[in-house]
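Under our numbering, think of the first position of the sequence shown as 60, with each following residue one higher. The beta carbon of each residue, even a glycine, is placed where N, CA and C say it ideally should be. Quantities reported herein were computed from a predicted structural model and do not represent experimental measurements.
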Amino acid sequence: MGITKGNAGEWSEPYVLLKLLADGKIYKSDKDLNINENVWHEIRSIIFKKNKSDMDGSLKYIIDPDQRTVEVQVDGEPVLRIQREDCRSYAEGLREAILTSSHGRGTVDIPATYEEYLKNSLKREVLKASVKDTPDIWLNLEDTRNTTDKPLGFSIKSILSSPPTIFNPSDGTNIIYELTGNVNEQTISELQSITKHYKGVEKRGKKKVEVEYDHPNREERVLYIRNHGIGLKLVGTGTVHHDNHGNHTLEPSQFERNLLMIGSDALPILSFMTIEAYFNGIVNLSHLVDVLDKEDPLNYKPSPEQPFYRRRVEDMLVAMTLSMTGVDVWDGSEGTNGGMIFVKTDGDVVCYHLFDRNDFREFLLQNMRFDWPSARRYFSTSITKDGDRYLMNLNVQIRMVPRQKAMSNLLIEGYYDFEKGIVYEEHEIIKMFESL
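Written out as structure tokens, the structure is:
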């Protein structure tokens, strides 16, 4: 990707670079993403690696705290020295440009002066490193816990424009369920008839084509299943392929094997939470842990001393945030040896160091929620016949939403027990949420 085009999240990466060069330090975040002004890390240098083959980093910025300058090195050779106050000025202007030109998703319009400064003064030719090559930025920090001079890699997430998605949906991030209970030709026919019609232009490969098709009406299919005695039984994960006419096929996906790297119970736990999000409107991850503890679907008998479900959900969130996708083969590594940097709407840049793992895990649990991927794009709640059974897919997407905005509600009246296919007007889970 060239430097002239990018969305708000991609432009946030050079903002972080400018901000850190100006400040010469990065503050630690507490579990609520607030700056901890008593804890920070002094930055000796910042390294940008374009891709995995750029082992030593083709760009290096050495911060001189005394002269208030930065030495810019290209391929190990000094090429110029810039003023840190100039970095601060450009950082503040870039932040305003991102906020004023961004209207949700899509490319933002950034004045040419910022592109020129990045190219001419920072010698940066691209907005971000290769998508698959995390970390996004490398910092050489003064930290007594880091006993080597080795730079630490950090991933960057920005909430400058909108809350970031930490686990992106794709054709392969589907959890597959068998429909049980009141399943017959009539109910299946009625379910499959619950659709929305789409007519428009979509990008297929490098071409834009006119398409027209029906796709699942997720909200109405959920209500139908709840109201007609239909239950759900976990089958696995799968990839849904669909053509220009709305036809779709299902095949196994990498998602299940990646979850297995976290633990054999990761898929059953994620499956349980996905149903609760879709069918009962419980979307906040911390609330879903409460439901897991209450329902105990794996018979773990959790306790404050041994919070089995909480621990596994936090494991999944860390993996999803730092490195794991539902499509690419994942070896279980976290992809970064430093941690996570967040860009806040007020321009503050804070970090969770992996040395502060417990705070990071708590933050993820309290500030992440399930989101709804486009049913038109991913065909969530589509029905596929497999022998003598019918399968349905629910697509997984998890987004960051600040804790005060991420409160779960039982959005649909009554509590749906997916194993029995029954909706209860009174239930312990309902009482639990009424007491919040």
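Give me whichever residues DSSP pairs with Phe429 in a beta bridge.
Ile457
Tell me the DSSP bridge mates of Tyr283?
DSSP output for Tyr283 lists no bridge partner at all.
Mind checking Tyr236: buried by the 16 CB within 10 Å criterion, or exposed?
buried
I need the straight-line Cα distance from Pro170 to Gly290, nearest angstrom please.
54 Å
Residue range of the alpha helix (DSSP H) that includes Asp82
67 to 82
Does the region 397 to 410 touch the region 234 to 248, meaning 3 or more C-beta pairs lie closer than 8 Å?
no
Enumerate, from N- to C-terminal direction, the unbroken alpha helix (DSSP H) stretches of 4 or more residues contained entirely within the region 134 to 160.
143 to 160
Would you say Lys353 and Met491 are within 9 Å of each other, going by their C-beta atoms?
yes
Thinking C-alpha only, which one of Arg435, Val131, Met427, Trp389 is nearest Val270?
Arg435
Reducing DSSP to helix, strand and coil, say where Met399 ends up.
strand
Can you give me the Cβ contacts of Leu318 inside the same chain, cut-off strictly under 8 Å, excluding the 5 residues immediately before and after it?
Thr296, Ala325, Leu326, Leu329, Met375
Does the count of Cβ pairs from the region 86 to 97 and the region 411 to 429 closer than 8 Å reach three?
yes
Going straight from the alpha carbon of Gln365 to that of Leu357, what length do you get?
14 Å
Taking only three categories from DSSP, how would you classify Asp91?
coil
Let me check understanding here. Comparing Cα to Cα, which of Trp99, Tyr368, Asp430, Leu186 lies closest to Tyr86?
Trp99
Going by DSSP, which residues form a beta bridge with Lys258?
Glu271
Taking just the CA atoms, how far does Ser220 sit from Ile106?
25 Å
At least 3 beta-carbon pairs within less than 8 Å: the region 382 to 392 vs the region 175 to 184
no
Which partner residues of Trp197 appear in the DSSP bridge assignment?
Ile106, Gly212
Out of Ile122, Glu155, Ile457, which has the shortest C-alpha to C-alpha gap to Glu101?
Ile122
Alpha-carbon spacing of Asp415 relative to Leu139, whole angstroms:
36 Å
Residues near Ala465 by beta carbon distance below 6 Å, same chain, minus five either side:
With a pLDDT of only 49 at Ala465, under 50, the local geometry of the prediction cannot be trusted, and the value read off the model is given with reservation. Taken in chain order, the residues that qualify are Asn343, Arg428.
Which of the three DSSP states, helix, strand or coil, is assigned to Glu278?
helix
Report the three-state DSSP secondary structure of Thr440 (helix, strand or coil).
coil
Can you tell me whether Thr128 is helix, strand or coil according to DSSP?
strand
Look at the Cβ atom of Val408, then the Cβ atom of Val133, and state whether they are nearer than 9 Å.
no
Which complete beta strand (DSSP E) runs does the region 287 to 366 hold, if anything under 3 residues is left out?
289 to 301, 307 to 311
Measure the beta-carbon distance from Thr298 to Gln456 and round it to whole angstroms, keeping in mind my assumption that it falls under 8 Å.
Between Gln456 and Thr298 the Cβ distance is about 15 Å, and since that is not below 8 Å, they are no contact.
Start-to-end residues for the beta strand (DSSP E) that takes in Glu237
233 to 240
Per DSSP, Tyr474 forms a beta bridge with which residues?
Tyr483
Close beta carbons around Tyr483, own chain, < 7 Å, minus the five adjacent residues each side:
Gly473, Tyr474, Asp476
Helix, strand or coil for Ala465 per DSSP?
Reliability fails at Ala465, whose pLDDT of 49 lies under 50, so the model's placement of it is uncertain and the value that follows must be treated cautiously. It is coil, neither helix nor strand.
Confirm, please, whether the CB-CB distance from Tyr173 to Asp145 is below 9 Å.
no
Bridge partner(s) assigned by DSSP for Asp123:
Thr128
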